[in-house]
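Input: a single structure, listed below in structure tokens.
There are 4 protein chains.
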Amino acid sequence: MTPALAPLTPNEAIALFTRTRARSDALAAPLSPEDTMLQSMEDASPVKWHLAHTTWFFEEFILKPRVPDYRSPDDRFAFLFNSYYTQAGPRHARDKRGLVSRPGGQAVRDYRAHVEDSLATLLMQRREDGDEIAGLVELGCHHEMQHQELLVTDLLHGLSFNPLLPVYKEPEPLEVTAGTELRFDSHEGGLVEIGHDGAGFAYDCEGPRHKTFLSPYEIANRPVTNRDWIGFIEDGGYGDARHWLMEGLAVAQREDWQHPLYWWQQDGTWWTFTLRGPQPVALEAPVVHVSYYEADAFARWAGARLPTEAEHELAFRDRPIAGNLMGDGDDIGMLRPMPGAGVWGDVWEWTASDFAPYPGFRPPEGALGEYNGKFMVNQRVLRGGSCATPREQMRATYRTFFYPHQRWQMMGLRLARDVA
Amino acid sequence: MTPALAPLTPNEAIALFTRTRARSDALAAPLSPEDTMLQSMEDASPVKWHLAHTTWFFEEFILKPRVPDYRSPDDRFAFLFNSYYTQAGPRHARDKRGLVSRPGGQAVRDYRAHVEDSLATLLMQRREDGDEIAGLVELGCHHEMQHQELLVTDLLHGLSFNPLLPVYKEPEPLEVTAGTELRFDSHEGGLVEIGHDGAGFAYDCEGPRHKTFLSPYEIANRPVTNRDWIGFIEDGGYGDARHWLMEGLAVAQREDWQHPLYWWQQDGTWWTFTLRGPQPVALEAPVVHVSYYEADAFARWAGARLPTEAEHELAFRDRPIAGNLMGDGDDIGMLRPMPGAGVWGDVWEWTASDFAPYPGFRPPEGALGEYNGKFMVNQRVLRGGSCATPREQMRATYRTFFYPHQRWQMMGLRLARDVA
Amino acid sequence: MTPALAPLTPNEAIALFTRTRARSDALAAPLSPEDTMLQSMEDASPVKWHLAHTTWFFEEFILKPRVPDYRSPDDRFAFLFNSYYTQAGPRHARDKRGLVSRPGGQAVRDYRAHVEDSLATLLMQRREDGDEIAGLVELGCHHEMQHQELLVTDLLHGLSFNPLLPVYKEPEPLEVTAGTELRFDSHEGGLVEIGHDGAGFAYDCEGPRHKTFLSPYEIANRPVTNRDWIGFIEDGGYGDARHWLMEGLAVAQREDWQHPLYWWQQDGTWWTFTLRGPQPVALEAPVVHVSYYEADAFARWAGARLPTEAEHELAFRDRPIAGNLMGDGDDIGMLRPMPGAGVWGDVWEWTASDFAPYPGFRPPEGALGEYNGKFMVNQRVLRGGSCATPREQMRATYRTFFYPHQRWQMMGLRLARDVA
Amino acid sequence: MTPALAPLTPNEAIALFTRTRARSDALAAPLSPEDTMLQSMEDASPVKWHLAHTTWFFEEFILKPRVPDYRSPDDRFAFLFNSYYTQAGPRHARDKRGLVSRPGGQAVRDYRAHVEDSLATLLMQRREDGDEIAGLVELGCHHEMQHQELLVTDLLHGLSFNPLLPVYKEPEPLEVTAGTELRFDSHEGGLVEIGHDGAGFAYDCEGPRHKTFLSPYEIANRPVTNRDWIGFIEDGGYGDARHWLMEGLAVAQREDWQHPLYWWQQDGTWWTFTLRGPQPVALEAPVVHVSYYEADAFARWAGARLPTEAEHELAFRDRPIAGNLMGDGDDIGMLRPMPGAGVWGDVWEWTASDFAPYPGFRPPEGALGEYNGKFMVNQRVLRGGSCATPREQMRATYRTFFYPHQRWQMMGLRLARDVA
Ligand SMILES: [Fe+3]
Ligand SMILES: [Fe+3]
Ligand SMILES: [Fe+3]
Ligand SMILES: [Fe+3]
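Protein chains in written order, with UniProt numbering: chain A, 1 to 420; chain B, 1 to 420; chain C, 1 to 420; chain D, 1 to 420.
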């Protein structure tokens, strides 16, 4: 999106494309045709739609403009599988994606194959615009990786309405482990630079790299755990107005939130519904599926606060990108947060920062300019990636963003504090 | 439901059961697994759910209470596939039926086979309660036939949200035919008897047979046609408050009704979406997919009124049950209203009558008493059956009922008038 | 509305008009300007609006068409104070009546005086259309009496949101009285005539008088009391699905109904908010402020049913019109149901009958034809009048109608039974 | 709120209190009792409620804790007139304030007098906690001034639903003036300090004063005018998705926004409803009653952006506090934006900044800590004050905040740009 300093070579682009497409296929492999139809809310999309939309993206932004004789298997797919790009034409109602039974699974797989073949052919050609194409393929792959994360979280949400509590991935009980003691690490702050510097792929909203001033702060060595969260519950945290933003309390009361999404209590034990079916809540694992409102209330209850995104970036940017993420190629990973002190992976961590343009931000011209820019209101940035984030799209500057009431992503938190 | 005077013999029961189950299978045969998942509104259910729920009915009301060693393939199906029988235990949320991807299509077919085998075994036995069982099987088959009608109308509604306008049954264009001239036939009324007399199967709400007094009236020889309806549209009928019930006008304005459900105009021609895909509106065929509010406004515009259900029954009860209905066994019929002057079949005809208990009505004890009785408020009776109604469940005393705002059934109307 | 056989003389018309207008003034007298602004829901209107709308009715339907030089104090009042007569022109949004602070109280009183003077002048003239005018004045007075009932019930609803529980009329505690034992009186039914015969004033919907056939039935000698109702509550009636219409149960659960509107429990005693402020529930008085859904469920719980309107009319039409009604002239009456066995007054009694046109019903031409006809769907008839109904508008054929979920009127019930 | 460096002397506190209370009285003076009841949406409150709530504030936070024998005229007022302070006890539903007809206008005036007398007595005493009391009185007066602004904007909203378009203040047509040419002034930015330094009164959220880094920027010399806005309208700005945040476009379409709130077109001229009744839109005056979404879309259409709050503060903090504001004492001012290039007054200017805590922000202990802190999510900061803002509460560091969809305040905008 931002013109990378060193674009991918054709071979690199092909390899990335192949790995990425294989991962989508691997994610869909365990599912029945019926499973791929689930749409449980407007925010979520069916698996079949994700598979088609990520394919449309390559077709719309690469094949159609650059391959004169390119023919889509069905011209109406552009209407069905455009998500929100107004400059790419009209599109199907977002909340009705679950009502598109046709094209069916095989037709979508054929669509994928058709676009993959066409793109492979294109990448094999020596063309003047080869670098541009490689850049767009890279963007398309990162786009597909974002949808891989959505695919599994949307699927979990969809399955959660089935009283049979279906299993997506083998359950494998977690070993009981010792917890990581909570510690706060100090940072001096000062006038620092954050944001992406343009080396390698990044989304437009990660730049420009720019100066910002930070007061001294402390940040926790690990995310808040389920054990911590149960302490909040047992202390009456959900019902104590002093901890809550007014709007958060109103949502919590209207939705009758008493615990994270997918939890229930059974004979005194907390259980949760996961991609591996029902599981007892793992006390030392990071809490997941909490809203910003809950995270913010927890932090206040704990005598702390959420970090800003700049504080988070500064604290962890030198930490190598490794952890409990979705694997490469067809390795779909653990798909659940694991006990430990990881930063990258496990759970996205809510920050106190509004999703706002960095100083000097300028989205690209045309439909791709809609990728991030038009979401810059009322959303909060999360940092760190989750167990559903493909490893190769993770970066220290990566900003994901959601509304403060949303809980269905792999969302948790990490505490921070002012230095008195 | 009402104890029939002459119960079915075991062989008759088996034959009815076999025919009925075959028809459900025939209805589902053209559908992909994805198609069977569609649930487009709370009023409608997925095809897969209909297939399972009609099976659960036999299991719940016959096998479980009467076959001591009967084992369900999955005890949780009782929760998933109970519709609204509170006395048969708790049940899954009605508006979340489209989120039950598992059990999948094959599991539901296995469930059907399992119950069919168990029931066949039971029917083959000579038992003291053989007549009761035969009566319950007959009820279960009529119940399944009701769901066959819902299955196709729910499916049509579900498919209608797909911009690809999918075809369920081969399109076969209609031949252009001459219309049937409108004529009103006079009836004297007086003190008459209506309702079912107990000979053969009927639902509880069709009886008791009872006296009612009718003033002289006239009733049309044919349903209102699409040609008639276009006259109403072109005369500004949808926008003229004088024709409308206040509540009807409010709904029409809120929903922006300008024509029957599924219609649109294209180059000056009216088109409609049907189970045979998009079709030009057939001018001489009965109008279908209009609400009670619209039917009532049309009648007032036409200087007429809707008949009461007693008027309808009296006028047509001697007409043999034949017409454009769903066929026997696996014959699913035309699935669209056809030009002509039929009473049975084509379209259900809205009556002016509230769905109310007949004098002396008493529902059976237990969960089956919930079949009709608890719906007796705010719904309107329709008479005559439709092209989606299995022929062998049709009777002159048959009362179906829907809310005045509903349009997704095969609903039309026939005019009546007072004799001055 | 129906042309009366013997129209009022001018003097009778003036006397009725004077009595009626005086009663409205008496009802408004205890209220502050702020009180007259309350609009607590779309179904209810502010007192100030009632005072103006009943005035507009005389202006719109008598003065404007019949007095060539009549000048309204403000032409825009026609827009503000038309309720729902589409043929009388556009009108202000019904749910925004509480936002019309101007014209203020004095301006509305001036408007009333202006129209009263103009009408008195008109009535004093000898005119060819004198009988028509007398008939319209009579209609206008009955219309105003209907609004007098709404005025007090809307006011009660509006005041009920004030935590100070304001008193409208002096509290006067009720004496404790003995209850009236419940008895069922038998009626033979048969082919009977009901409806208004045209002698004296009646609304269009009360006729034509017509034949109907009734099976033998029994009807209770008194309305259901608060003591009876507490029995229903204590027996778990609100939570037992077997007693309820499905739609009723859904509403009861959504609204969390556990008792009649305005009730609460305090130290083991039931209290209720009334026009006389908070009061302990009077055990022997008729229960009031229950919906049709609740009334119907109560009747089923009690092994009975609600009477039809024909059954009610037949049973009580020979009983003289007397009882706990709103008085004449400025006598506003008790304004609460009183212990006893009255039929006329105390509480309106829900019937099992849909509000439907009688056979041969034909509303008058023009805007006055909208008076009743356009409400004939989804509403239920109530019979008997209430403590808020002016005595002189009560008749045995009087049909009032409300939606089954509504509770803010003085609504109660009386039981009936089939004769086995 | 923040402990001021030099607290008010008792005489200063009394003078401020007297001026402030007089202004509230002056604002209410032209209103009828009915006018003071208007509540047109949950966000707005009736004038009568504002008068009582601002009184309760002094009672709750000064008199009750510090005057042992203080007696409220009615203990239940604490429930009625607490707005949102959970730590000050339960409170009446916010959206039901318009249903509190009693206490009436006179009772509220008596309540005001009672508290004023009690407070005057307290201020006259020499007490150890005199400085604290003076500080709380100052806070209470600033609180009342905030409510004075709400009082007039809520009133305008309430009156706007009256088709008679009532006049609050004499209309006085505006003279036609020449416009101010648009110019952008450059600022270097760099590492700067913003926020309140503690000298004189300020709300907690205005501090701590802290460093922030700004890139070079330009900011307009005047707000966007109605003439500018009509250019946006005429260029199709409301319908062009490219200018809009996705969420903003969805709101604009749902609410059918085609122009600022209160505007309509009549014979080719734009009119608007104001506190001075209907007025032609003054072309050179600042546009008012636009949401953040609209302001943001306008700025993008204009090739600019909204300033951040830091940019705004830095640009204008040396400009003396003078302009078209609400006057002192009983001078209620112009109550409409005036042509010109003012910063303070006329219209609040939307900034691009989320309402977030400044680094190191810590709200006071107890209920007063709820004053601002619990609103810090999803709201946007506005700067500059409006024609409805009392002059003596204005400061360069003042942050007001509203939701991006809100339009009923005196909200406009000023453009900014990056320096390329
Ligand atoms: Fe996408
Ligand atoms: Fe069923
Ligand atoms: Fe009226
Ligand atoms: Fe306040």
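Glycine included, each C-beta is placed from N, C-alpha and C at the ideal position. Just so it is clear, the structure is predicted and the values come from calculations on it, not from any experiment.
- Query: Between which two residues does the alpha helix (DSSP H) containing D:G190 stretch?
  - Reply: Residue mapping note: residue 190 of chain D aligns to position 190 of the fourth sequence, counting from 1. Per DSSP, D:G190 belongs to no alpha helix (DSSP H); it is in the beta strand (DSSP E), G190 to I194.
- Interface residues of chain D facing C:G277 [CB-CB closer than 9 Å]: In the third sequence, counting from the first residue as 1, residue 277 of chain C sits at position 277. The premise fails here: C:G277 is roughly 12 Å from chain D at the closest Cβ pair, so nothing lies under 9 Å.
- Determine the closest residue to A:H312 out of A:E116, A:A416, A:I14 and A:G105, with distance taken between C-alpha atoms. To locate residue 312 of chain A, count along the first sequence from 1; it is residue 312. For the residues A:E116, A:A416, A:I14 and A:G105, the minimum Cα distance to A:H312 belongs to A:A416.
- Residue-chain proximity (residue 424 of chain A, chain D), Cβ-Cβ < 9 Å: Nothing about residue 424 of chain A can be reported from this structure: the residues present for chain A run from 1 to 420 only.
- Pairing CB atoms from the stretch 278-289 of chain C with CB atoms from the stretch 193-213 of chain C, are three or more of them under 8 Å? Touching, no.
- So C:G323 packs on C:V347, CB below 8 Å; how close in whole Å? For the purposes of this step, residue 323 of chain C is taken as the residue at position 323 of the third sequence. For the purposes of this step, residue 347 of chain C is taken as the residue at position 347 of the third sequence. The beta carbons of C:G323 and C:V347 sit about 11 Å from each other, so the pair does not count as a contact at 8 Å.
- Query: Under 8 Å Cβ-Cβ, which residues of chain D neighbour C:N162?
  - Reply: As a first step, residue 162 of chain C must be located in the third sequence, where it is residue number 162. Residues of chain D passing the Cβ test: L99, V100, S101 and R102.
- Message: Please report the distance separating the alpha-carbon of D:R317 from that of D:T397.
- Response: Translated into positions along the fourth sequence, residue 317 of chain D becomes position 317. Translated into positions along the fourth sequence, residue 397 of chain D becomes position 397. One C-alpha to the other measures close to 8 Å.
- Query: Mind checking D:D228: buried by the 16 CB within 10 Å criterion, or exposed?
  - Reply: What you label residue 228 of chain D is simply residue 228 of the fourth sequence in a count that begins at 1. D:D228 should be labelled buried.
- Just the Cα atoms here: how many angstroms apart are A:H92 and A:V100? Here residue 92 of chain A refers to the residue found at position 92 when the first sequence is read from its first residue. Here residue 100 of chain A refers to the residue found at position 100 when the first sequence is read from its first residue. The alpha-carbon atoms of A:H92 and A:V100 are separated by roughly 10 Å.
- Mind reading off the beta-carbon distance from C:N221 to C:A341? Whole number of angstroms is fine, and I expect it under 8 Å. Sequence index remark: in the third sequence, residue 221 of chain C carries index 221 (1-based). Sequence index remark: in the third sequence, residue 341 of chain C carries index 341 (1-based). That belief holds up - the Cβ atoms of C:N221 and C:A341 are roughly 6 Å apart, short of 8 Å.
- Please go through the same chain and pick out, in chain order, the residues whose beta-carbon is closer than 8 Å to the beta-carbon of C:L8, but skip the five residues on each side of it. The residue labelled residue 8 of chain C in the question sits at position 8 within the third sequence. So the qualifying residues of the chain are L16, A134, G135, V137 and E138.
- Message: Can you give me the C-alpha to C-alpha distance between B:L150 and B:L38, rounded to a whole angstrom?
- Response: For the purposes of this step, residue 150 of chain B is identified with residue 150 of the second sequence, where counting begins at 1. For the purposes of this step, residue 38 of chain B is identified with residue 38 of the second sequence, where counting begins at 1. If you take the alpha carbons of B:L150 and B:L38, they lie about 13 Å apart.
- Query: Given that a residue counts as buried once 16 or more other Cβ atoms are within 10 Å of its Cβ, and exposed if not, what is B:V419?
  - Reply: Translated into positions along the second sequence, residue 419 of chain B becomes position 419. Label assigned to B:V419: exposed.
- Query: When burial is assigned at 16 or more other CB atoms within 10 Å of the CB, is D:T121 buried or exposed?
  - Reply: Start at 1 with the first residue of the fourth sequence, and residue 121 of chain D comes out as number 121. Per the 10 Å Cβ criterion, exposed.
- Query: Taking 8 Å as the line, does the beta carbon of A:T54 fall inside it for any heavy atom of ligand 1?
  - Reply: For the purposes of this step, residue 54 of chain A is identified with residue 54 of the first sequence, where counting begins at 1. Within the cutoff, so yes.
- Message: Restricting to Cα atoms, I'd like to know which of A:R380, A:R336, A:E392 and A:T274 is closest to A:P320.
- Response: Residue 320 of chain A sits at position 320 when you count from the first residue of the first sequence. Per the Cα distances, A:E392.
- Query: How big is the Cα-Cα spacing for D:N162 and C:R76?
  - Reply: As a first step, residue 162 of chain D is located in the fourth sequence; it is residue number 162 there, counting from the start. As a first step, residue 76 of chain C is located in the third sequence; it is residue number 76 there, counting from the start. D:N162 and C:R76 have their C-alpha atoms spaced approximately 11 Å apart.
- Query: Within the present structure, is the beta-carbon of A:N142 separated from the nearest heavy atom of ligand 1 by less than 8 Å?
  - Reply: Mapped onto the first sequence, residue 142 of chain A falls at position 142. A quick correction: the sequence has His, not Asn, at residue 142 of chain A. A:H142 Cβ: outside cutoff for every heavy atom of ligand 1.
- Item | Near ligand 3: C:Q379 beta-carbon under 8 Å from a heavy atom | On the third sequence, residue 379 of chain C is found 379 positions in, with the first residue counted as 1. Outside the cutoff, so no.
- chain A within 9 Å of D:A352, Cβ atoms only: Here the question's residue 352 of chain D lines up with position 352 in the fourth sequence. Yes, D:A352 lies at the interface with chain A (some Cβ there is under 9 Å from its Cβ).
- For C:R407, return the contacting residues in chain B, with the cut-off set at a CB-CB distance below 9 Å. Position 407 of the third sequence, counting from 1, holds the residue named residue 407 of chain C. Those do not exist, as C:R407 stays about 15 Å from chain B at its closest Cβ, beyond 9 Å.
- Message: Within 8 Å, do at least three Cβ pairs link the stretch 106-123 of chain C to the stretch 50-64 of chain C?
- Response: yes
- Item | For A:R414, the nearest candidate out of A:R242, A:L275, A:A297 and A:E12 (CA to CA) | As a position in the first sequence, residue 414 of chain A is number 414, starting the count at 1. Ranking A:R242, A:L275, A:A297 and A:E12 by CA distance to the CA of A:R414 puts A:A297 first.
- Simplified DSSP state of C:S118, which is helix, strand or coil: Mapped onto the third sequence, residue 118 of chain C falls at position 118. Here C:S118 sits in helix by DSSP.
- Item | Sequence-distant residues of the same chain with beta carbon closer than 7 Å to B:E329, five excluded per side | Within the second sequence, residue 329 of chain B is the residue found at index 329, counting from 1. The sequence given here has Gly at residue 329 of chain B, not Glu. Only R19, A22 and R23 meet the Cβ criterion.
- Message: Give me, in chain order, the residues of the same chain whose beta-carbon lies closer than 6 Å to that of B:A44; leave out the 5 immediate sequence neighbours on both sides.
- Response: In the second sequence, counting from the first residue as 1, residue 44 of chain B sits at position 44. Taken in chain order, the residues that qualify are D154 and H157.
- Query: So is C:S32 in contact with chain D if we call contact Cβ pairs under 9 Å?
  - Reply: Counted from its first residue, the third sequence places residue 32 of chain C at position 32. At least one chain D Cβ lies under 9 Å of C:S32.
- Query: Taking 8 Å as the line, does the beta carbon of C:Q106 fall inside it for any heavy atom of ligand 3?
  - Reply: Residue 106 of chain C sits at position 106 when you count from the first residue of the third sequence. Because no heavy atom of ligand 3 lies under 8 Å away, the Cβ of C:Q106 does not count as near it: no.
- Query: chain A beta carbons: is any one of them nearer than 9 Å to that of D:H187?
  - Reply: Start at 1 with the first residue of the fourth sequence, and residue 187 of chain D comes out as number 187. By this cut-off, D:H187 is not an interface position.
- Query: What residues are listed by DSSP as bridge partners for D:V381?
  - Reply: Here residue 381 of chain D refers to the residue found at position 381 when the fourth sequence is read from its first residue. DSSP, once it has assigned bridges, lists D:F401 as partnering D:V381.
- Query: Listing by chain order, which chain D residues have their CB less than 8 Å from the CB of C:P166?
  - Reply: Position 166 of the third sequence, counted from the start, is the residue given in the question as residue 166 of chain C. Within 8 Å Cβ-Cβ: S101 and R102.
- Secondary structure of B:V259, DSSP reduced to three states: To locate residue 259 of chain B, count along the second sequence from 1; it is residue 259. A quick correction: the sequence has His, not Val, at residue 259 of chain B. In the structure shown, B:H259 sits in coil (DSSP, three-state: anything other than H, G, I, E or B).
- Given that B:D418 touches chain C, what residues does it touch there, using C-beta distances under 7 Å? Here residue 418 of chain B refers to the residue found at position 418 when the second sequence is read from its first residue. Result: G360.
- Query: Checking contacts by CB at 9 Å: is B:S215 closer than that to chain E?
  - Reply: The chain labelled as chain E is not found among the protein chains of the depicted structure, namely A, B, C and D.
- Which one or two residues does DSSP pair with C:N324 in a beta bridge? Your numbering for residue 324 of chain C matches position 324 in the third sequence. C:G345, per the DSSP bridge assignment.
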